[in-house]
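Start counting the sequence shown at 110; every next residue gets the next number (our numbering).
Worksheet for the structure shown next.
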Amino acid sequence: MALPPEVAFESQLQSLIDQKLAGNSAATESLLAHAGDRLLRLTRTMFRGFPALRRWEETDDVFQNSMIRLHRALAEVKIESVRHFFNLAAVQIRRELLDMAKKHYGPEGIGTNHHSDGHPADDKGGAIHDKAAEPGDLGGWTEFHVQVGKLPAEELEVVNILYYEGLTQEEAAKVLGISFRTLKRRWQSAKVRLHEGLNRDERG
């Protein structure tokens, strides 16, 4: 009996991860190729969290640059699971988006004086941030994504899967292998920590 497509996909991905751990130098390229469609979807979803940036950049450019970063990271970081792989990918995509945001919305950026009415992704699982309505302000939406990157690992994983990947809380709990109650506790803790981090930066 054939495995469900998602199970077969993750099984093959884990096999490639195991090959990489065993020292197969070709496994990294195979890993990125096999996960390409999923990584593109992740890039597209995370890009929606940077609404003003879409005025200046294309998804394909974000994706290609992020994959270069991920390729470099895979040479330095020991990944052992599919979950770890996609967490690492999310980190690299976020870094690429933040660098692009600084380029366009820093003091000399071409987008600094432009207004955008875009809002970040908002779904039943992952609505967090109200300040992002004015993404031309680096102290707003860009700083939010910076603060996300500072979260403890367990909370960052929850934010990645809810806010960036767009899963519902029920789906996220199953994927992470934790109870719904534990997921809600980590999600609430992440939101409080983000709120405090953003307010602290404003006061500073």
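Note that CB positions come from ideal geometry on N, CA and C, so glycine has one too.
It should be emphasised that the depicted structure is a prediction, and the values quoted were computed from it without experimental measurement.
In angstroms, rounded to a whole number, what distance separates the CA positions of residue i and residue j?
{"i": "residue 305", "j": "residue 271", "result": "20 Å"}
{"i": "residue 257", "j": "residue 284", "result": "20 Å"}
{"i": "residue 132", "j": "residue 262", "result": "27 Å"}
{"i": "residue 148", "j": "residue 277", "result": "19 Å"}
{"i": "residue 301", "j": "residue 253", "result": "13 Å"}
{"i": "residue 289", "j": "residue 266", "result": "14 Å"}
{"i": "residue 209", "j": "residue 192", "result": "26 Å"}
{"i": "residue 296", "j": "residue 141", "result": "29 Å"}
Roughly how far, in whole angstroms, is the beta-carbon of residue i from the beta-carbon of residue j, given that I think they are within contact range, below 8 Å?
{"i": "residue 179", "j": "residue 162", "result": "Actually they do not touch by this definition, with Cβ atoms about 19 Å apart."}
{"i": "residue 136", "j": "residue 123", "result": "Going by Cβ atoms, the distance from residue 136 to residue 123 rounds to 12 Å, so no, they are not a contact pair."}
{"i": "residue 120", "j": "residue 112", "result": "7 Å"}
{"i": "residue 175", "j": "residue 205", "result": "4 Å"}
{"i": "residue 251", "j": "residue 303", "result": "Their Cβ separation, rounded to whole angstroms, is 13 Å, which puts residue 251 and residue 303 out of contact at 8 Å."}
{"i": "residue 264", "j": "residue 154", "result": "Wrong, their Cβ atoms sit about 19 Å apart, outside the cutoff."}
Should residue i go down as buried or exposed, given a rule of 16 or more other Cβ atoms within 10 Å for buried?
{"i": "residue 171", "result": "buried"}
{"i": "residue 177", "result": "exposed"}
{"i": "residue 203", "result": "buried"}
Helix, strand or coil for residue i? Go by DSSP, reduced to three states.
{"i": "residue 168", "result": "helix"}
{"i": "residue 187", "result": "coil"}
{"i": "residue 264", "result": "helix"}
{"i": "residue 287", "result": "coil"}
{"i": "residue 160", "result": "helix"}
Using a threshold of 8 Å, state whether the C-beta atoms of residue i and residue j are closer than that.
{"i": "residue 194", "j": "residue 151", "result": "no"}
{"i": "residue 199", "j": "residue 269", "result": "yes"}
{"i": "residue 299", "j": "residue 292", "result": "no"}
{"i": "residue 189", "j": "residue 287", "result": "no"}
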